[in-house]
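A.B. asks: Numbering (our numbering) for the sequence shown: 16 to 200.
First the structure, then my questions, so here it is.
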Amino acid sequence: MTSLSVVIVGTRLNLRWTNKIVAADDYMTPLALRPPQNIVTYLKVNYAGRPIYQFGISFFGIALLIGYLRLLQGTSNKAYRGAIWCTVAFVSVGHVGSAMSLLFACQPIEKSWKPGRPGTCLPVDASFTVYSILTIVSDVIVAVLVCAFMLGLFTTLCSVFRCAQIKRIQSVRRRKLDYAGLCGA
């Protein structure tokens with residue numbers, strides 16, 4: 016099987032190289048040829064990285080939410096700040112739960128990096144779908160919360176357009192008055 020993998024990857028790289036369409040992913044492709052005896056090490060690294068990824072996603076959203084709170088400092092809008100704090104709690108609890116679920120997905124835990132070991136694991140498709148939905152819902156909530164700031168931007172843009180239109184209207188009116196003055200003289 017390893018020989019077949021080497022032939023397929025080598026053929027792909029050769030075709031990409033001769034057609035001068037080598038891209039960044041092509042430089043990563045040989046990593047797929049890792050020896051089978053390294054699979055346990057790879058799976059251990061993958062196992063350790065899953066919760067780190069979940070926390071990274073949540074920390075980014077929480078950082079945005081804390082930025083929103085800083086923008087609201089000194090305002091009297093307690094309901095909006097409360098909604099932001101509730102979202103911080105939702106994102107935190109949801110992603111900590113996802114990270115814990117990833118860590119304890121298999122019983123015994125060692126089955127996560129030794130798939131041949133007897134035991135059970137959560138269904139991968141269902142659990143990863145739940146993690147994805149949680150992340151998407153969190154991102155949408157964070158995006159919706161910023162809409163209040165965008166309404167302020169919208170009113171600012173309306174003021175800029177209004178100012179430009181007033182200048183244009185005034186110059187047209189001035190030209191008409193000047194023309195009327197010339198005709199009346």
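In this text, a Cβ means the ideal position worked out from N, Cα and C, and glycines have one as well.
Tell me which same chain residues have a C-beta within less than 6 Å of the C-beta of S153, skipping the five on either side of it?
C.D. replies: Against the sequence shown, residue 153 aligns to sequence position 138. If we look at S153 and ignore the five residues flanking it on each side, its Cβ neighbours are G76 and V106.
A.B. asks: Under the three-state reduction of DSSP, which class applies to Q208: helix, strand or coil?
C.D. replies: Limits of the chain in this structure are 16 at one end and 200 at the other, which puts residue 208 out of reach.
A.B. asks: Is it right to say I99 is buried, meaning 16 or more other beta carbons lie within 10 angstroms of its own, or is it exposed?
C.D. replies: The sequence position of residue 99 within the sequence shown is 84, counting from 1. I99 should be labelled buried.
A.B. asks: How many angstroms separate the CA atom of L80 from the CA atom of T56?
C.D. replies: Translated into positions along the sequence shown, residue 80 becomes position 65. Translated into positions along the sequence shown, residue 56 becomes position 41. Straight-line Cα distance between these residues: approximately 37 Å.
A.B. asks: Note down the Cα distance separating N61 from T170, rounded to an integer number of angstroms.
C.D. replies: The residue labelled residue 61 in the question sits at position 46 within the sequence shown. The residue labelled residue 170 in the question sits at position 155 within the sequence shown. Spanning the two alpha carbons is a distance of roughly 48 Å.
A.B. asks: Using the C-alpha atoms, what's the distance from Q122 back to G134?
C.D. replies: Taking the sequence shown and counting its residues from 1, the one referred to as residue 134 is at position 119. Taking the sequence shown and counting its residues from 1, the one referred to as residue 122 is at position 107. For G134 and Q122, the distance between alpha carbons rounds to 6 Å.
A.B. asks: With DSSP as the reference, identify every bridge partner of Q122, one or two as the case may be.
C.D. replies: Counting from 1 along the sequence shown, the entry for residue 122 is found at position 107. Bridge partners of Q122: T135.
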